[in-house]
Every structure is written in C-alpha cells, then in structure tokens.
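Let me begin by presenting the structure, written as structure tokens, before commenting on it.
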Ligand code: KG4
Ligand code: ZN
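In this note's numbering, the protein residues as written are 301 to 654.
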C-alpha cells in the first residue's frame with residue numbers, strides 16, 4: 301500500500317479525494333476537494349439497500365456484500381462522469397476501515413486499495429465514527445473548533461467523546477446496552493412500522509402528544525452520564541401488550557410514538573448538556589443517523605443556546621451513513637499533516653479512541 305503523500309498537489313493547489321463508505325447497508329461514494337483546510341463537496345452518490353433488507357426487519361450481511369460489490373464500481377464511474385473528472389484527477393482515496401460489518405467493509409477496502417494501487421495514490425483508512433464526529437463541520441467555513449464535545453447517535457453507537465485534536469479522542473460516556481437508533485428500530489418493529497424505524501417513529505410522532513404517556517429513562521440521576529435504552533424498549537413492549545385493544549387507534553399510536561421519542565431525545569440532550577457543563581466544553585457537535593431527527597435537533601439547539609454553548613449539528617442529509625464524511629475526515633487530517641494512522645486491514649470492532 302502506498303500511504304505517503306505524492307508531495308505535489310494538483311496544479312491549482314486543490315486536493316481531490318474520493319471517499320468510499322460500505323460499513324453497513326449503504327454504498328456511499330463522494331468527491332471532496334480540500335484547499336487550505338477548507339472542504340468543498342464536489343459530488344456524492346449513495347445507494348440505499350433498505351428496500352432489500354426491509355422484508356427481514358434488519359440488515360442481512362450476505363445480501364449487503366452482494367449489493368456493495370455490484371454497486372460500488374458503478375457508482376464511482378458515475379460520480380466521476382457527473383463531475384466531469386477522470387480517475388487521474390484524484391489525489392487520494394479515503395475508505396471506512398471500521399467499525400461495521402466485516403464482509404461489507406472488505407468490499408470497500410479491497411476496491412479502494414486496488415484502485416489506489418492502479419493509480420499510485422495514497423489510501424487513508426478512516427474510522428466510521430470519526431467520519432460522523434467531524435460531519436457537523438461540513439457546514440461553515442472556519443477551522444475545526446478544538447476542543448469540543450462530540451455526540452454520536454446512530455444505529456450502532458451512542459456516545460459522547462471529548463475531542464481535543466486529531467486522533468485525540470476520549471470516550472466520556474457510552475450506552476451500556478442498546479444504541480438509541482437500535483432501540484428506535486426495535487420499538488418501531490413492535491409498533492408494526494418498517495425498518496429503519498427512527499424516521500418512521502418521527503413521522504408518526506409529529507401527529508402525537510409527547511406528554512401523553514411517560515416512559516422510563518435510563519440512568520436519570522443528575523450527573524450520571526451513562527446511556528441506557530433497553531429499558532424504554534422493554535417498557536414499550538409491556539405498554540403495547542397492556543393496551544392491545546388500542547393498537548389500531550391512530551391517535552393512540554401517534555401519542556405513543558411522540559412520548560417514547562421524547563423520552564429518548566430528552567435523555568440524549570440532557571446528558572450531553574450535563575457532560576458539557578461537567579467538563580467545561582464550550583462547543584457541542586452532534587452527528588449520526590438519529591441526529592436527522594428534527595425534534596432532537598431543535599431540543600439540542602435550544603438547550604445549548606440556554607446554556608451559552610456553541611452548537612454544531614451535522615447537516616440533515618449527512619447524518620445517516622455517507623461517504624462525504626469519510627472523504628472529508630481524510631482531507632482534513634491530511635491537510636493538518638496527520639499521516640494515515642490505520643493499517644491496511646479492516647477492523648469490524650474498531651473503537652473511536654485507540
Ligand atoms: O448513522 P447511521 O446511518 O448508521 C449507523 O452508523 O448506525 O444511523 C442509522 C440509525 C437507524 O437506527 C435509524 O433508525 C436512525 O439512525 N435514524 C433516525 C432518523 N433517521 C435515521 N432516528 C430518528 N429520527 C430520524 N429522523
Ligand atoms: Zn454511521
């Protein structure tokens with residue numbers, strides 16, 4: 301593998317990166333251009349496999365790998381064509397190295413390394429969580445405001461990280477059981493809603509009253525930063541059994557969705573604000589699929605404003621998995637003089653803080 305910089309930037313001083321993300325069930329490719337530490341998204345394509353996995357109520361790894369292998373080369377060709385660029389215009393390739401499904405990660409990595417070898421380009425292996433962590437800074441122009449408190453809420457992770465600088469991440473708090481997105485997906489299934497459940501619950505919740513019912517919250521004591529979402533999931537199951545006769549009442553379902561969503565979101569916001577206060581952070585940056593939720597965005601923004609904190613939230617369209625965040629993380633790190641830190645192998649359990 302070639303990991304060194306070619307030493308030369310493209311003639312105009314811009315550095316063009318191809319990003320590849322195949323950690324789960326989305327095949328994502330993106331082109332980002334970096335100039336003096338500033339990122340511009342040139343183009344991005346994503347094929348979601350949601351419809352293929354939906355009948356199974358979750359992601360089927362064998363199906364995912366076949367879809368990635370079929371889609372990835374087609375997407376890269378189309379992306380370059382649509383941008384009017386050639387593979388020779390690339391200066392680096394960024395690929396998700398973990399965490400994720402091993403077989404899915406392998407497809408992206410094998411493809412990235414083969415393409416890089418054929419073009420004699422450097423490869424940056426990027427931690428998927430690192431991609432999420434810095435995605436709030438894809439909007440806005442200034443430098444990354446280190447230090448900051450990062451909140452990542454996705455289908456696989458719920459954590460707070462103290463981010464002091466590049467590669468200097470410390471986990472402040474994480475879930476002790478389910479991730480928030482995982483809990484929403486499981487609860488949606490109980491409610492008879494399709495996968496992925498988070499957006500479905502949000503849709504239903506819009507017609508409902510968030511104060512209609514009370515659902516338990518994990519570790520509610522002030523100052524306890526740990527997350528837990530399996531309790532609310534179990535509570536919803538019993539609740540639905542107790543109210544079996546109302547299961548076909550749309551009003552009841554909307555109120556239940558609004559109330560359980562409120563319980564999860566309030567927990568996320570309150571613990572984030574408590575952590576920021578405890579650790580004296582001035583900036584909070586939120587990312588991950590669940591952060592696409594409008595109620596969460598609004599509550600976090602308001603909470604930060606009241607606490608005098610600067611709040612950065614990933615653009616809605618870049619909260620769920622995508623390759624822009626992977627390419628951007630590589631571009632920023634490269635511009636900051638950080639050498640590619642990860643080996644050539646995928647790591648399905650790659651932690652954020654090494
Ligand atoms: O970041 P992501 O795309 O994949 C992982 O890295 O896990 O997150 C996917 C998760 C799923 O659990 C999905 O239900 C949830 O994000 N999600 C949402 C919304 N959109 C996606 N949860 C709540 N509200 C949404 N609008
Ligand atoms: Zn993700």
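For glycine and all other residues, C-beta sits at the position ideal for the given N, C-alpha and C.
Our contact map puts residue i next to residue j with C-beta atoms below 8 Å; I'd like the distance itself, whole angstroms only.
i, j, result
"residue 576", "residue 609", "6 Å"
"residue 395", "residue 626", "7 Å"
"residue 407", "residue 372", "6 Å"
"residue 623", "residue 320", "6 Å"
"residue 526", "residue 519", "5 Å"
"residue 480", "residue 472", "Wrong, their Cβ atoms sit about 16 Å apart, outside the cutoff."
"residue 498", "residue 359", "So it is not a contact: roughly 14 Å between Cβ atoms."
"residue 495", "residue 368", "That pair is no contact at about 18 Å."
"residue 422", "residue 640", "7 Å"
Helix or strand or just coil, what does DSSP make of residue i?
i, result
"residue 326", "strand"
"residue 517", "coil"
"residue 371", "helix"
"residue 348", "strand"
"residue 527", "strand"
"residue 620", "coil"
"residue 584", "strand"
"residue 426", "strand"
"residue 466", "coil"
"residue 416", "helix"
"residue 307", "For residue 307, the predicted model reports a pLDDT of 34, less than 50, meaning its position is unreliable and no value from the coordinates is stated."
"residue 360", "coil"
Taking DSSP's pairing of strands, which residues face residue i in a bridge?
i, result
"residue 495", "DSSP lists no partner for residue 495."
"residue 270", "Residue 270 is absent from the model: the chain starts at 301 and stops at 654."
"residue 335", "338"
"residue 317", "332, 392"
"residue 610", "583"
"residue 343", "331"
"residue 398", "427"
Which value, in whole angstroms, describes the spacing of the CA atoms of residue i and residue j?
i, j, result
"residue 355", "residue 418", "39 Å"
"residue 487", "residue 376", "36 Å"
"residue 517", "residue 470", "25 Å"
"residue 653", "residue 454", "17 Å"
"residue 363", "residue 322", "13 Å"
"residue 361", "residue 607", "43 Å"
"residue 554", "residue 544", "15 Å"
"residue 450", "residue 463", "7 Å"
"residue 424", "residue 581", "29 Å"
"residue 349", "residue 398", "19 Å"
"residue 531", "residue 605", "30 Å"
"residue 502", "residue 542", "23 Å"
"residue 509", "residue 529", "21 Å"
**Message:** For the segment 533–552 against the segment 583–599, do three or more pairs of beta-carbon atoms, one drawn from each stretch, fall closer than 8 Å, so that the two count as touching?
**Reply:** Three or more Cβ pairs closer than 8 Å define a contact, and the segment 533–552 falls short of that threshold against the segment 583–599.
**Prompt:** Between the segment 423–440 and the segment 561–572, are three or more C-beta pairs nearer than 8 Å?
**Reply:** In the pairwise beta carbon analysis, the segment 423–440 is classified as not touching the segment 561–572: fewer than three pairs are separated by under 8 Å.
**Message:** Is it the case that the segment 332–341 contacts the segment 377–386, given that we only count it when at least three CB pairs across the two stretches are under 8 Å?
**Reply:** In the pairwise beta carbon analysis, the segment 377–386 is classified as not touching the segment 332–341: fewer than three pairs are separated by under 8 Å.
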